[in-house]
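Down below is the structure, laid out as structure tokens.
Following this line, the structure appears as structure tokens:
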């Protein structure tokens, strides 16, 4: 029934994880489909490969911002 709702009205995504300021992961509140923003800002299905990329990117982003805060 939930997939029928999404097929009829479209997905209703909410942010499930903020990777950086520009890249986020989203999850449909009805069917649970997960997507992420890609390089161009479009939504792409969240594959294990993209999850790994986002995890690495998040680590680099946090490390860079921690170093910038310590210098300032």
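Numbering (my numbering), first residue to last: 1048 to 1119. Built from N, CA and C at the ideal position, the CB exists for glycine as well.
Do we get a CB-CB distance below 7 Å when we pair residue 1098 with the residues of chain B?
-> Structure shown: chain B not included; a single protein chain is present.
Beta strand (DSSP E) segment containing residue 1090, residue limits = From DSSP, the beta strand (DSSP E) with residue 1090 extends over 1090–1092.
Figure out for me which residue from 1115, 1058, 1117 and 1069 has the closest Cα to the Cα of residue 1092.
-> Cα-wise, what sits closest to residue 1092 is 1058.
Inter-residue CB distance, residue 1074 and residue 1087 (contact presumed, cutoff 8 Å) = Not quite, the Cβ-Cβ distance comes to about 21 Å (not below 8 Å), so this is no contact.
Could you tell me which residues DSSP puts in a beta bridge with residue 1065?
-> Residue 1065 pairs with 1071.
Closest by CA to residue 1048, which one among 1079, 1117 and 1106?
-> For the residues 1079, 1117 and 1106, the minimum Cα distance to residue 1048 belongs to 1079.
Residue from 1112, 1098 and 1114 with nearest C-alpha to residue 1071 = Taking residue 1071 as reference, the option from 1112, 1098 and 1114 with the minimal CA-CA separation is 1098.
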